[in-house]
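Protein chains in written order, with our numbering: chain P, -10 to 395; chain V, -10 to 395.
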């Protein structure tokens, strides 16, 4: 008897957790399980703002897939997904093709540029290990260049972050913390460095309680961060960005422009013919796509509506990880030919945004607000909890964050 | 009675050693001694190839001037020399002027481009702390960029060194040693990285014994260095260099081109009207310039002929340091109105070229050839000996190289 082929695309939070759960829930006698990923490692997307700022080495964010996936139970294919053909039930890879009976798409996010001119070409993004490491090295390179130039070039030591949402704020907090070290390393007068955050919306950290937002902005401003709120980025060029507020345009010269203002689902999903909204598939409650009973979407390529607010839940690691529980269960149901599909309901335990080592803001247990050290500890507990879930105590000890009293 | 004003320009090997000796030899009641330097630190030029490769932090090469110069005895002026007016006996600085009765010029070297098109604009140089740190950061930035590019761009991970003389070889040896770490840090397949040394002359390490040259080339080739000997660089561009051998031209694409093929004296000296040959003043045996009895030149701005070979001595730290002895004595003679000038005779104790940590070649005591570990230890002893001479045991313990058994 032919075993059904299950293929999981992507080893991000959703994909790897689905795989790890499936390898425990269902035997190799029942299923032929394959995981496809571009790299041989999983990485913690929620820690990348630290690697980008250079405050946490990217190797700390990476987990070798072989450390959490049992290659005796799972075929691991290191390759890049080019497209999916859901009608023919196959996946086109850079170096081949894969057929599937059941597919789990966990291909993650891309930056959304909202059509703003020049972002694609001139902005750096906190998307993956490679792009984050490049932000660190770009800042270092430009700071290094500064004292080698005949004329003053302030754009080299001006860092601009597009977006004061979750990622933008977390990144700027790390950079602010690192600036004293950077200035020392490169013999630069700290008073000459600019760290600017530009936000088109009416507030930083949209969705957070105003008291928390105020705390965050005060703390960051005290570290030298300039906020330009209600200010839209009109264009990015090789030498800076053009912003507009109340109809007045201004150029901010910078060679270090990081775009952290929006994400969308991986464009492979849209290109493969799935119906999407900002690259994300509006999935059924059991996580299957509207059109295909054999395709599940987890993580940032999926969109779930929050019935209370009437708006979609933001794509977070927390939701991706919770989706994996349901995805793994429903794959098992499909493989076994059952019909007891589980439905997915997000259970938002808490949301904590870091403001740099030792400081954070957050909401836990629904309404409990946290500031500063307490929030920072909570953030580390959340991170450590995930590692425990993914790879057990061994992984936690290897990759966990234990400097909670720092 | 007016005290004579002695001004020393530059805190490189020659300038700082002259100052340190003078402050011991002659009291503040006799002389008004001023040291002018662009930075508030002295640095070890002979260690910069390590900072450039990223194998030794530049702070290890730096010594705060206040640690070796007694500011109660010496006026320290942190400023940039623009020009010298030897007729009016004054020095024009960026932020003012200084008058002198006796002047010591120790303004060091610049890269000589030999008029090769594009070197000035597109090559990195191992000239000072800023330019060396920039080489490290440029290589890291380009390696970081490599995995972010849609198309393969081998020029990002190709490092080309122009010149297989002392500095070029020492630099390439350090880079070769660091490559495994760089490839690991940036997830790059080491077999794709190229490390090329281009030398116009008929041999690497001109002036060294052929047996030593062969040893050096073999060792470096074993670490992956490609040598292109008898190959002239015709042009440097933003994307690489054009070389020519036996009338055949070839382009080598690189974003990491380091020019280490020649030095000349600081151009300020030539611009100030002193008669020079490749920027260097052909000084009298007592180190004074041919035209001015009150101006002494030490270090790389001075040229001394080797009577035996009929060629000038290469500008080295060793000679600069030895010149400082004579310079300080002769300044004292001038200040006191005597006539017992000392004449300078170089005493070449040894010449050791590093091939990267733990390996070197050299000649000591005239003809004794050294290889490998022995030569490497000798190199560190020479370095440590200088620190002891400059700042005593305290400085030696702080900045010395003690990993001699590594």
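All C-beta atoms, glycine included, are put in the ideal place defined by N, C-alpha and C.
This structure is a prediction, so every number in the text was calculated from the model and none was measured.
- Every beta strand (DSSP E) stretch that sits fully inside the stretch 107 to 156 of chain P and reaches 3 residues is listed by chain position as 147 to 151.
- Classified as exposed, residue 235 of chain V has fewer than 16 neighbouring CB atoms from the shown chains inside 10 Å of its CB.
- Closer than 8 Å to the CB of residue 261 of chain P there is not a single CB belonging to chain V.
- About 6 Å separates the beta carbon of residue 301 of chain P from that of residue 293 of chain P, a gap short enough to meet the 8 Å contact definition.
- Contact note: residue 129 of chain P reaches chain V through 126, 129, 130, using a C-beta cutoff of 8 Å and chain order.
- In this structure, residue 10 of chain V sits near residue 313 of chain V, with a CB-CB distance shorter than 8 Å.
- When rounded, the separation of the alpha-carbon atoms in residue 348 of chain P and residue 145 of chain V is 38 Å.
- Under the Cβ criterion of 8 Å, residue 120 of chain P is counted among the residues facing chain V.
- No residue range can be given for residue 33 of chain P, since it is assigned to no alpha helix (DSSP H) and is classified by DSSP as neither H nor E.
- When beta bridges are read from the DSSP output, residue 65 of chain P appears opposite P/24.
- As the crow flies, the alpha-carbon of residue 224 of chain P is around 14 Å from that of residue 250 of chain P.
- Exclusion of the five residues before and after residue 364 of chain V leaves 341, 349, 350, 351 as the residues of its chain whose Cβ lies within less than 7 Å of its Cβ.
- From the listed residues V/267, V/91, V/72, V/46, the smallest Cα separation to residue 84 of chain V is found for V/72.
- Assignment of beta-bridge partners to residue 185 of chain P by DSSP yields P/149, P/215.
- Under the DSSP assignment, residue 48 of chain P falls in the alpha helix (DSSP H) whose first and last residues are 47 to 50.
- One thing to note: residue 99 of chain V has its Cβ within 8 Å of the Cβ of residue 268 of chain V.
- Residues 250, 251 of the same chain have their beta carbon placed closer than 8 Å to that of residue 103 of chain V, with the five preceding and five following residues left out of the count.
- By the neighbour-count criterion, in which 16 or more other beta carbons inside 10 Å mark a residue as buried, residue 4 of chain V falls on the buried side.
- With a cut-off of 8 Å on Cβ pairs, the stretch 211 to 220 of chain V is not in contact with the stretch 56 to 76 of chain V, counting fewer than three such pairs.
- Secondary structure note for residue 89 of chain V: it is in no beta strand (DSSP E), with a DSSP letter that is neither H nor E.
- The alpha carbon of residue 274 of chain V has as its nearest neighbour, out of V/265, V/319, V/243, the alpha carbon of V/319.
- Close to residue 45 of chain V, with beta-carbon spacing below 8 Å, lies no residue of chain P; the smallest spacing is near 14 Å.
- Following the DSSP letters along the chain, one finds residue 384 of chain P inside the alpha helix (DSSP H) bounded by residues 361 to 388.
- Residue 260 of chain V is classed as exposed because its beta carbon has fewer than 16 other beta carbons within 10 Å across all chains shown.
- Taking a contact to require three or more Cβ pairs closer than 8 Å, the stretch -9 to 2 of chain P and the stretch 86 to 93 of chain P qualify as touching.
- Assignment of residue 99 of chain V by DSSP, reduced to helix, strand and coil, places it in the strand class.
- The closest CA to that of residue 97 of chain V, considering only V/131, V/308, V/123, V/332, is found on V/308.
- Note on residue 244 of chain P: 16 or more other CB atoms within 10 angstroms of its CB, so buried under the neighbour-count rule.
- Excluding sequence positions up to five before and after residue 295 of chain P, its CB lies within less than 6 Å of the CB of 302, all in the same chain and listed in chain order.
- Residue pairing by DSSP places residue 238 of chain V opposite V/233 in a beta bridge.
- By the neighbour-count criterion, in which 16 or more other beta carbons inside 10 Å mark a residue as buried, residue 57 of chain V falls on the buried side.
- When 7 Å is used as the limit between beta carbons, residue 133 of chain P is near these residues of chain V: 122, 123, 126, in chain order.
- In this chain, the alpha helix (DSSP H) harbouring residue 11 of chain P covers 2 to 14.
- Taking the CA atoms as reference points, residue 278 of chain P sits about 29 Å from residue 37 of chain P.
- In this structure residue 125 of chain P touches residue 40 of chain P by the C-beta definition: roughly 7 Å separates them, less than 8 Å.
- Counting every other CB atom within 10 Å of its CB across the protein chains shown gives residue 392 of chain V a total below 16, marking it as exposed.
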